[in-house]
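Residue numbers (the numbering used here): 390 to 640.
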């Protein structure tokens with residue numbers, strides 16, 4: 390039985406449904422701007438999400454023959470322009486938070502739970518999402534923002550979670566992760582964390598065997614009950630609350 394002291398949040402697909410209408414659109418804007426005859430449609434981008442990291446996705450698309458060869462500097466430049474386009478999409482209000490995210494964040498913060506972010510998205514993209522979708526006060530409320538290339542190995546490696554916990558001085562047995570994808574869940578699991586998964590259209594069919602709780606979203610008290618896809622702890626869930634996370638830790 391362990392006490393919940395810390396919640397670490399993934400970003401893309403977890404805090405906000407950023408992939409289909411955010412990152413994918415921004416990549417295509419960068420490709421078009423640079424004169425590349427390449428567009429990632431929704432199914433293609435779903436395949437590319439199996440690769441963690443934006444620069445890594447471009448490199449993978451090159452290696453499988455769907456984009457022409459280019460040096461790393463050009464890949465990095467494309468990704469930088471993509472990030473700028475993505476930040477503009479966020480600033481325009483086109484990428485809202487997922488249902489229940491703000492509610493659970495505020496509930497946990499009010500209860501004195503340490504909150505942090507563990508993501509492979511770039512720090513600038515993370516900052517834009519926090520500023521425009523959550524509010525600037527959350528820069529202080531999150532005790533750590535572990536993002537981007539701050540660790541060498543990206544998810545599903547455990548490095549980003551291990552780094553975040555080291556920065557916070559917390560232990561895995563007192564920490565839970567919120568994720569949306571198989572790579573994210575495997576990263577959290579490899580770091581010794583229990584994990585709640587909120588799936589999206591891209592990740593619904595992923596293998597989450599062993600994840601503590603898998604739901605369609607965090608949900609809201611005045612909305613329909615969330616779909617419970619997997620529950621290893623027999624929790625009665627209408628919408629995911631802090632008490633549910635504590636119950637998972639105590640089990």
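Cβ atoms here follow ideal geometry from the backbone N, Cα and C, with glycine treated the same way.
These figures come from a predicted structure and were not determined experimentally.
What span of residues does the beta strand (DSSP E) with residue 583 cover, start to end?
Taking the first residue of the chain shown as position 1, residue 583 is located at position 194. Start and end: 583 to 587.
For residue 450 and residue 390, I'd like the C-alpha separation in whole angstroms.
Position 61 of the chain shown, counting from 1, holds the residue named residue 450. Position 1 of the chain shown, counting from 1, holds the residue named residue 390. Going by the C-alpha atoms only, they are around 45 Å apart.
Less than 8 Å separating the beta-carbons of residue 592 and residue 543?
The sequence position of residue 592 within the chain shown is 203, counting from 1. The sequence position of residue 543 within the chain shown is 154, counting from 1. Cβ atoms of residue 592 and residue 543: not closer than 8 Å.
Between which two residues does the beta strand (DSSP E) harbouring residue 490 extend?
As a position in the chain shown, residue 490 is number 101, starting the count at 1. First-last for residue 490: 490 to 499, but that is the alpha helix (DSSP H), not the beta strand (DSSP E).
Rounded to a whole number of angstroms, what is the C-alpha to C-alpha distance between residue 609 and residue 425?
Start at 1 with the first residue of the chain shown, and residue 609 comes out as number 220. Start at 1 with the first residue of the chain shown, and residue 425 comes out as number 36. Cα to Cα, residue 609 sits roughly 42 Å from residue 425.
Going straight from the alpha carbon of residue 562 to that of residue 585, what length do you get?
Position 173 of the chain shown, counted from the start, is the residue given in the question as residue 562. Position 196 of the chain shown, counted from the start, is the residue given in the question as residue 585. C-alpha separation (whole angstroms): 15 Å.
From 555, 573, 536, 626, pick the residue whose C-alpha is nearest to that of residue 595; which is it?
Sequence index remark: in the chain shown, residue 595 carries index 206 (1-based). Of the candidates 555, 573, 536, 626, the one whose C-alpha sits nearest the C-alpha of residue 595 is 573.
To the nearest angstrom, how far is the alpha carbon of residue 417 from that of residue 434?
For the purposes of this step, residue 417 is identified with residue 28 of the chain shown, where counting begins at 1. For the purposes of this step, residue 434 is identified with residue 45 of the chain shown, where counting begins at 1. Looking at the two C-alpha atoms, the distance is approximately 10 Å.
Taking the DSSP output, what are the residues bridged to residue 566?
Along the chain shown, one-based indexing puts residue 566 at 177. Beta-bridge pairing links residue 566 to 397, 584.
Between which two residues does the alpha helix (DSSP H) carrying residue 419 extend?
As a working mapping, residue 419 is identified with position 30 in the chain shown. Start and end: 413 to 422.
For a minimum of 3 consecutive residues, which ranges assigned as the beta strand (DSSP E) are wholly contained in the stretch 512 to 583?
List check, beta strand (DSSP E) in window: 533 to 535, 564 to 568.
Expressed to the nearest angstrom, what Euclidean distance is found between the alpha-carbon atoms of residue 630 and residue 409?
If you number the chain shown from 1, residue 630 lands on position 241. If you number the chain shown from 1, residue 409 lands on position 20. Those two C-alpha atoms are separated by around 27 Å.
Compute the distance between the beta-carbons of residue 378 and residue 401, then report whether it is under 8 Å.
Residue numbering for the chain in the displayed model covers 390 to 640; residue 378 lies beyond these limits and cannot be assessed.
Leaving out five residues on either side along the sequence, give the residues of the same chain with a beta carbon under 6 Å from the beta carbon of residue 635.
Here residue 635 corresponds to residue number 246 of the chain shown, with the count starting at 1. So the qualifying residues of the chain are 393.
What's the gap between the Cα of residue 422 and the Cα of residue 470?
Start at 1 with the first residue of the chain shown, and residue 422 comes out as number 33. Start at 1 with the first residue of the chain shown, and residue 470 comes out as number 81. Rounded to the nearest angstrom, the two C-alpha atoms are 9 Å apart.
Determine the burial state of residue 528: buried for a count of at least 16 other Cβ atoms within 10 Å of its Cβ, exposed for fewer.
Here residue 528 is taken as the residue at index 139 of the chain shown, counted from 1. Residue 528 should be labelled exposed.
Identify whether residue 503 lies in helix, strand or coil by the three-state DSSP scheme.
Taking the first residue of the chain shown as position 1, residue 503 is located at position 114. Three-state DSSP puts residue 503 in a strand.
Which same chain residues, not among the five before or five after residue 519, have their C-beta less than 7 Å away from its C-beta?
One-based indexing of the chain shown puts residue 519 at position 130. Hits under 7 Å: 527, 528.
Taking the beta carbon of residue 569 as the centre, do at least 16 other beta carbons fall within 10 Å, making it buried, or is it exposed?
Against the chain shown, residue 569 aligns to sequence position 180. It counts as buried.
Shorter than 8 Å from the beta carbon of residue 403 to some beta carbon of chain C?
Chain labels in this structure do not include chain C; a single protein chain is all it has.
What residues in its chain sit with their C-beta under 8 Å from that of residue 604, if we drop five residues either side in the sequence?
Residue mapping note: residue 604 aligns to position 215 of the chain shown, counting from 1. Contacts found: 585, 586, 587, 588, 615, 616, 617, 618, 626, 629.
Identify which residue in 559, 640, 638, 522 has its Cα closest to the Cα of residue 477.
Locating residue 477 in the chain shown gives position 88, counting from the first residue. For residue 477, the nearest C-alpha among the options comes from 522.
Just to check my reading of the structure: residue 489 and residue 397 have Cβ atoms closer than 8 Å, yes? What is that Cβ distance to the nearest angstrom?
For the purposes of this step, residue 489 is taken as residue 100 along the chain shown, with counting starting at 1. For the purposes of this step, residue 397 is taken as residue 8 along the chain shown, with counting starting at 1. In fact, because the Cβ distance is near 17 Å, the residues do not count as touching under 8 Å.
In the DSSP assignment, find the beta strand (DSSP E) that holds residue 484 and state where it starts and stops.
Numbered from 1 along the chain shown, position 95 holds the residue referred to as residue 484. Neither: residue 484 is in no beta strand (DSSP E) and is coded neither H nor E.
Look up residue 604 in the DSSP assignment and say whether it is helix, strand or coil.
Along the chain shown, read from residue 1 onward, the residue named residue 604 stands at position 215. If DSSP states are grouped into helix, strand and coil, residue 604 belongs with the strands.
Straight-line CA distance for residue 545 to residue 571?
The sequence position of residue 545 within the chain shown is 156, counting from 1. The sequence position of residue 571 within the chain shown is 182, counting from 1. So the two alpha carbons sit approximately 8 Å from each other.
Using the Cβ count rule (16 or more neighbours within 10 Å means buried), how would you classify residue 606?
Here residue 606 is taken as the residue at index 217 of the chain shown, counted from 1. Burial call: buried.
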